[in-house]
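**Q** Take a look at the following structure, please.
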Ligand SMILES: C=C(O[C@@H]1C=C(C(=O)O)C=C[C@H]1O)C(=O)O
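Residue numbers (the working numbering): -2 to 442.
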């Protein structure tokens, strides 16, 4: 089942016939250190990012892209990328995970969502890893606009992006009070034994006075949340602390989060809260479901898995989470995207048992999650890559790029209190709310 929005058709048509041509050259590490500042102004849909602590990948332009919908959307994209990788003409002077041609991807949470799944192959990618920096340019061989070996562009630090003005937040599908009612309904279904856990989300509609410069959001998120992966793919922008899967040279890792407590800003008090989170039976139970769902999904692809029995507490600026890093040795040739497909949706964003939780989500949330809570990340021609879960994020409207829709959700178990969950979801909106409103050092205001 494939449906291609009009804008994606030309590149897809070329894509099925003509090989990608890519060239990777080393880059001055000093330039690489300014990774996000190298990104030029482009429409939201043509900017890509996957950056953590100043390292990672940024890209812009579209050499090719592919969109798919329906339950097999990730398999379709995986097959498309495998074929594009197989036929690509690659000149790579750096050769490490993330060099050569890469695709950034973003996938709808629900199989039936109109948002579908998209892979974007940028024309230009800059990567930094372990202090080594590189530049990849990609063209399509038969495109008259691109030379057979793409021209390496001049890179430089760009004019600082400017922040949005006249930012207004409005309730999305449900007001906080109605959403609290949905949480109460979910708790009663859990206590009556119909399911163990369900993750319920809510949304906010944000309007601004002009086209949102995604680079502004990326800078602000990277400054405030340096332990997260700051991402942008096809207009979806955010800072996720949760790594669904990393595949690198035969090793598979995943960072599972579930169980949350809000920070107060008082470090001593926060440490006491972290200790109480680590002992909270409600949060430990919620966490256990999420870890089990990831370990079970990875098991068929892995040998010698390491699943720690006790979670650690991950500190972010706004919240703290119970976290577990799962690792395994890959025994088949499943790509990063195929692994993401077998993990999605984990109990961290869906619930347990999965089909019941999914039905409850569809019934009680009253919204399409779009690509929130779906896999987001990148994949290289060897199938290595990283996919996070798209959390703490917003989707810039394709029709009106001055608007963005924000999402946040919470795991609901038997012990959940609706008003506490409203407060937790508000805390999870903070990264995007602040990025949209608080002036930063680069502010032009
Ligand atoms: C659903 C979200 O976060 C998920 C739910 C969590 C929880 O309920 O404790 C914690 C981390 C994430 O796995 C979100 O941020 O929107």
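Note that the Cβ used here is the ideal one computed from N, Cα and C, for glycine as well.
What does a CB cutoff of less than 7 Å around residue 364 pick up in its chain, not counting 5 residues either side in sequence?
**A** Taken in chain order, the residues that qualify are 169, 170, 200.
**Q** Taking DSSP as the reference, what is the three-state secondary structure of residue 440?
**A** With a pLDDT of only 37 at residue 440, under the threshold of 50, the placement of this residue in the model should not be trusted, and no figure is reported.
**Q** Provide the residue span of the alpha helix (DSSP H) that contains residue 29, from first to last.
**A** Looking at the DSSP string, the run of the alpha helix (DSSP H) that includes residue 29 is 26 to 29.
**Q** Give me the Cα-Cα distance between residue 208 and residue 399, rounded to the nearest whole angstrom.
**A** C-alpha separation (whole angstroms): 4 Å.
**Q** Hey, would you say the C-beta of residue 405 is under 7 Å away from at least one heavy atom of ligand 1?
**A** Residue 405 Cβ: within cutoff of ligand 1.
**Q** Three-state secondary structure (DSSP) at residue 434?
**A** Reduced to three states, the DSSP call for residue 434 is helix.
**Q** Cα-Cα, which of 69, 68, 43 is closest to residue 62?
**A** Residue 62 has its Cα closest to that of 43, out of 69, 68, 43.
**Q** Report the three-state DSSP secondary structure of residue 142 (helix, strand or coil).
**A** No answer about residue 142 holds up, because its pLDDT of 48 lies below 50 and its placement is not dependable.
**Q** Measuring CA to CA, which of 37, 340, 137 is closest to residue 243?
**A** Of the listed residues, the one whose Cα sits closest to residue 243 is 340.
**Q** Is the closest heavy atom of ligand 1 to the C-beta of residue 123 under 7 Å?
**A** Every heavy atom of ligand 1 is 7 Å or more from the Cβ of residue 123, so no.
**Q** Can you tell me which of 370, 382, 380 puts its alpha carbon nearest to the alpha carbon of residue 196?
**A** It is 370 whose Cα lies nearest to the Cα of residue 196.
**Q** How many angstroms separate the CA atom of residue 181 from the CA atom of residue 187?
**A** Answer to the nearest angstrom: the Cα atoms are 10 Å apart.
**Q** Quick check: the Cα distance between residue 81 and residue 323, rounded to an integer number of angstroms?
**A** Rounded to whole angstroms, residue 81 to residue 323 spans 30 Å at the Cα level.
**Q** Thinking just about the alpha-carbon of each residue, which of 433, 230, 119, 343 is nearest to the one in residue 252?
**A** With distances taken between Cα atoms, residue 252 lies closest to 343.
**Q** Any chance you could list the alpha helix (DSSP H) runs of at least 4 consecutive residues sitting entirely within the segment 251 to 315, in chain order?
**A** With a minimum length of 4 residues, the continuous alpha helix (DSSP H) runs that stay inside the segment 251 to 315 are 264 to 276, 278 to 295.
**Q** How about residue 410 and residue 246: are their beta carbons less than 8 Å apart?
**A** Not in contact: residue 410 and residue 246 (Cβ atoms no closer than 8 Å).
**Q** Does at least one heavy atom of ligand 1 sit under 7 Å from the Cβ of residue 389?
**A** Answer for residue 389: yes, Cβ within range of ligand 1.
**Q** Relative to the alpha-carbon of residue 115, which residue among 154, 50, 229, 172 has its alpha-carbon at the smallest distance?
**A** It is 229 whose Cα lies nearest to the Cα of residue 115.
**Q** State the Cα-Cα distance for the pair residue 430 and residue 172, rounded to the nearest angstrom.
**A** When rounded, the distance between both Cα atoms is 17 Å.
**Q** Residue ranges of each beta strand (DSSP E) run of no fewer than 3 residues wholly in the segment 77 to 127, ordered along the chain?
**A** As far as the segment 77 to 127 is concerned, its whole beta strand (DSSP E) runs of at least 3 residues are 86 to 89, 99 to 104, 114 to 118, 121 to 126.
**Q** Between residue 309 and the rest of its own chain, which residues show a CB-CB distance below 6 Å, the 5 nearest in sequence each way excluded?
**A** Here the set comprises 320.
**Q** Could you tell me which residues DSSP pairs with residue 32 in its beta bridges?
**A** None; residue 32 has no bridge partner.
**Q** Mapping the DSSP letters down to three states, classify residue 15 as helix, strand or coil.
**A** Reduced to three states, the DSSP call for residue 15 is coil.
**Q** When DSSP labels each residue in this structure, what does residue 423 get in the three-state scheme?
**A** Residue state, collapsed to three classes: helix.
**Q** Going by other Cβ atoms of all chains shown within 10 Å of its Cβ, with 16 needed for buried, is residue 162 buried or exposed?
**A** Looking at its Cβ environment, which holds fewer than 16 other Cβ atoms inside 10 Å, residue 162 is exposed.
**Q** Determine the direct distance from the alpha carbon of residue 334 to that of residue 69, and round the result to whole angstroms.
**A** Rounded to whole angstroms, residue 69 to residue 334 spans 12 Å at the Cα level.
**Q** For residue 144 and residue 136, I'd like the C-alpha separation in whole angstroms.
**A** With a pLDDT of only 48 at residue 144, under the threshold of 50, the placement of this residue in the model should not be trusted; the figure read from the coordinates follows. The straight-line gap from Cα to Cα measures roughly 7 Å.
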